[in-house]
Each structure stands twice: as C-alpha cells, then as structure tokens.
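Accompanying notes for the structure given below.
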Amino acid sequence: MDETQSRGESAPGVASVPFDSVRTRSRGVADARPRGVPRPPRHRARREVKIIETGWLNDETQLAEALSAADVFLMPSRAESFGMMALEAMACGIPVVTSADTAVADTIRAPEAGIAVLHGDAEGLAAAISFLLAEDEARASMGTAGRSIVESDYSYDRYVTRHLELYESLIETR
Numbered sequence: 003m004d005e006t007q008s009r010g011e012s013a014p015g016v017a018s019v020p021f022d023s024v025r026t027r028s029r030g031v032a033d034a035r036p037r038g039v040p041r042p043p044r045h046r047a048r049r050e051v052k053i054i055e056t057g058w059l060n061d062e063t064q065l066a067e068a069l070s071a072a073d074v075f076l077m078p079s080r081a082e083s084f085g086m087m088a089l090e091a092m093a094c095g096i097p098v099v100t101s102a103d104t105a106v107a108d109t110i111r112a113p114e115a116g117i118a119v120l121h122g123d124a125e126g127l128a129a130a131i132s133f134l135l136a137e138d139e140a141r142a143s144m145g146t147a148g149r150s151i152v153e154s155d156y157s158y159d160r161y162v163t164r165h166l167e168l169y170e171s172l173i174e175t176r
C-alpha cells in the first residue's frame, strides 16, 4: 500500500469492486509518482471496500494469520523481481492476483495459482478479483495449487538440493 492509499485516496488502476473485507499490510512505501504528477481523485471503491489496516507485521505468526484470513492476495506491482509476499500468500493457500508483466506472474505460474492481468488494466483487475470472490471452487483450487508450488519448489530442502547441485556442477566443470 502506498502513501496515497493510506490517506484514503486510491491509486491508479483501482476499480470499483464491492466485497466485504480486504486485509492489507502497509510497509510505509513511499509514493512512487514522478514529481509534478497530481494525486488521483478519491475513487468510490475506497468507500465500498472495508479495509482493515494491520500495520507492519513483523511476526511470522501474525503475518500467516492475516494472510490466511484473506480471500485473495493482490500484488499489482509495476516492477517486481521475485515476489516473496506472493509466495507467503501462496503458502497460506491464498490465490494471487498480480501484474502479467512482472516475475510474479511466473512465480505463481498464472493461471495455476492465481491470475495475472496487464498493469494498469483496471477492468481486468476488477474482473480477476470479482471472479475469485464469486467462484469458490476456482479460488480453492488456485489456493491449493499455490500451496503445492511453494512446498515443492520453494522449500528449504529443495533450495539446499538445488544449491548443492549447482556447486557440484561448478566443481565438475573446473
């Protein structure tokens, strides 16, 4: 969540999607708009969506509880190299909605564990959110797939194995 959103204003790309509850987490990220670009006007979606501010969650248990309480995890970033928060949401069985033009779309293996939309496509973002909130079976299936991806590809044991294989291959080529 950026500074604009924490003051109750919407960011570009926010669509009017009524749903009961959204849990967000704020890290106090600075407003990334270029100098001279005006703040967007308040969007009516900000009045229709109940947002519960958790503030910074430094405890893994609190973070897991907050993520597990969500129906959908939104990460419509402009630029993201990996997406650790997306993995954390997937580990909690939550489907991810992200930007198609970032590495997170690959991380979630869209459409396996979530939905990727083009950055700035407010209608596409709204449609993805609406779909996941309306389709319990699809939401559960993507959540289960996300959890499986994290367990199989991002576990501690898997990382150790991958690193050992890499080191062994480097030693063999010397």
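Start counting the sequence shown at 3; every next residue gets the next number (this note's numbering).
Glycine included, C-beta positions come from ideal geometry on N, C-alpha and C.
Bear in mind the structure is a predicted one, so any value in this text is a computation, not a measurement.
- Option nearest Val152 by Cα separation, candidates Asn60, Met77 and Arg111: Counted from its first residue, the sequence shown places residue 152 at position 150. The shortest Cα separation from Val152 among Asn60, Met77 and Arg111 belongs to Arg111.
- Task: Would you list, in sequence order, the uninterrupted alpha helix (DSSP H) runs of no fewer than 4 residues that lie entirely inside the segment 42-118?
- Result: For the segment 42-118, whole alpha helix (DSSP H) runs of length 4 or above, ordered along the chain, are 47-50, 62-70, 86-93 and 105-109.
- Message: Counting beta carbon pairs with one atom in the segment 73-93 and one in the segment 126-146, are three or more of them shorter than 8 angstroms?
- Response: The answer is yes - the segment 73-93 touches the segment 126-146, with three or more Cβ pairs under 8 angstroms.
- Is the CB-CB distance between Leu89 and Ala102 below 8 angstroms? Numbered from 1 along the sequence shown, position 87 holds the residue referred to as residue 89. Numbered from 1 along the sequence shown, position 100 holds the residue referred to as residue 102. The answer is no: Cβ separation not under 8 angstroms.
- Task: Please work out which residues of its chain come closer than 8 angstroms, Cβ to Cβ, to Arg126, disregarding the five sequence neighbours upstream and downstream, and give them in chain order.
- Result: The residue given as residue 126 occupies position 124 in the sequence shown. The amino acid occupying residue 126 in the given sequence is Gly; Arg does not appear at that position. Cβ neighbours of Gly126 beyond the five flanking positions: Val119 and Leu120.
- Message: Helix, strand or coil, according to DSSP, for Asp123 in the structure here?
- Response: Translated into the one-based positions of the sequence shown, residue 123 becomes position 121. In this structure, Asp123 counts as coil in the three-state DSSP scheme.
- Item | alpha helix (DSSP H) segment containing Ser150, residue limits | In the sequence shown, residue 150 corresponds to position 148, counting from 1. It spans Asp138 to Asp155 - the alpha helix (DSSP H) in which Ser150 sits, taken as one unbroken run.
- Any idea what DSSP makes of Arg176, helix, strand or coil? One-based indexing of the sequence shown puts residue 176 at position 174. It is coil, neither helix nor strand.
- Same chain, Cβ closer than 8 angstroms to Ile173, five either side skipped, listed in chain order: Looking up residue 173 in the sequence shown gives position 171. Closer than 8 angstroms at the Cβ level, and outside the excluded window around Ile173, lies no residue.
- Item | Beta-carbon proximity check, Arg78 vs Leu134, cutoff 8 angstroms | Sequence index remark: in the sequence shown, residue 78 carries index 76 (1-based). Sequence index remark: in the sequence shown, residue 134 carries index 132 (1-based). The sequence given here places Pro at residue 78; Arg does not occur at that position. In this structure, Leu134 does not lie closer than 8 angstroms to Pro78 by Cβ.
- Do you know offhand how far Ser154's Cα is from Arg160's? Sequence index remark: in the sequence shown, residue 154 carries index 152 (1-based). Sequence index remark: in the sequence shown, residue 160 carries index 158 (1-based). C-alpha separation (whole angstroms): 7 angstroms.
- Classify Thr100 as buried or exposed, calling it buried when 16 or more other Cβ atoms lie within 10 Å of its own Cβ. Sequence index remark: in the sequence shown, residue 100 carries index 98 (1-based). Around the Cβ of Thr100, a 10 Å sphere holds 16 or more other Cβ atoms; the residue is buried.
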